[in-house]
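Residue 1 is where the sequence shown starts when you use our numbering, and the numbers rise one by one after that.
A quick write-up on the structure given underneath.
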Amino acid sequence: MTQLPKSKTPVTNSNSKKNRKVASRRNAPLATRTDLTSSAAKDIAGAMNVILADVFAFYVKTKSFHWHMSGSHFRDYHLLLDEHGDQLFAMTDPIAERIRKIGGLTIRSIGHIARAQRVLDNDAEYVEPLDMVAELADDNGTLAARLREEHNVCDEHRDVATASLIENWIDETERRTWFLSEIKRGG
């Protein structure tokens, strides 16, 4: 039987201590410096994670409608929904980073998004272009209302940084709602 060569570095107590320290750090809560109370950080992070899940789900729905658009206004609607998808995707990183800045944990998977999202999926094989527009207009209106609700949570806890981000997203969301509603009205 062949023996494997022995390691030249003997295993010592210092290595096992080091391993315990590493394991301890991995299991330790995030130590983020914030003057928000732990309760405030928990409330805000929890609400923002749901917003993050909604925005990811809404992004996928918008891109799906973008990819499956058809009809006489194809080019205009296709480009508009591409722009809207870019705006939605651009929201995701600042939302997640804000959650982390206040000491929270963010969503971790598509499954996590699916469990938390409130935006309804549309898996239909074919959706009429004006039905796509109407559905996205309604979804944007709902997102704006939910962002306002989260803004109220931020106001309760005096979290002006998150509230400031939300104010910009409300404005962008209202602009998308306006554009889609005008198309819907004229359709």
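Think of the CB as a built atom: it goes at the ideal place given N, C-alpha and C, for glycine as much as any other residue.
Collapsed DSSP secondary structure at residue i in the structure displayed
i	result
G103	coil
R146	helix
A124	coil
Q117	coil
H78	helix
R20	helix
R185	helix
H68	helix
S164	helix
H157	coil
T37	coil
Other residues of its chain near residue i: CB distance less than 8 Å, five sequence neighbours each side excluded
i	result
Y59	G85, L88, F89, T92
Y126	H68
T34	A41, K101, I102, G103
Residue burial classification, residue i (beta-carbon count within 10 angstroms, cutoff 16)
i	result
W178	exposed
D76	exposed
R175	exposed
N152	exposed
I183	buried
N140	buried
For residue i, the nearest candidate out of the options (CA to CA)
i	options	result
I166	A96, H112, A57, L180	A96
D43	T173, D159, K184, L180	D159
D123	F65, R98, I99, A40	F65
W169	I110, H68, T142, G186	T142
S181	D139, A134, C154	A134
R115	C154, D138, N49, K18	N49
I99	R118, Y126, I51, N140	I51
A145	E128, I183, E125, V119	V119
I102	C154, Y126, S109, E125	C154
S70	R185, L130, I110	L130
S72	E128, N15, D138, L147	E128
R185	L147, D138, A163	D138
Same chain, Cβ closer than 7 Å to residue i, neighbours up to 5 away in sequence not counted
i	result
T62	L81, H84, G85, L88, L136
I113	A53, F56, A57, I107
Check whether residue i and residue j have beta carbons under 9 Å apart
i	j	result
D121	A57	yes
A47	E149	yes
H157	L36	yes
A45	L105	yes
Same chain only: Cβ atoms within 6 Å of residue i, ignoring 5 sequence neighbours per side
i	result
M132	F65
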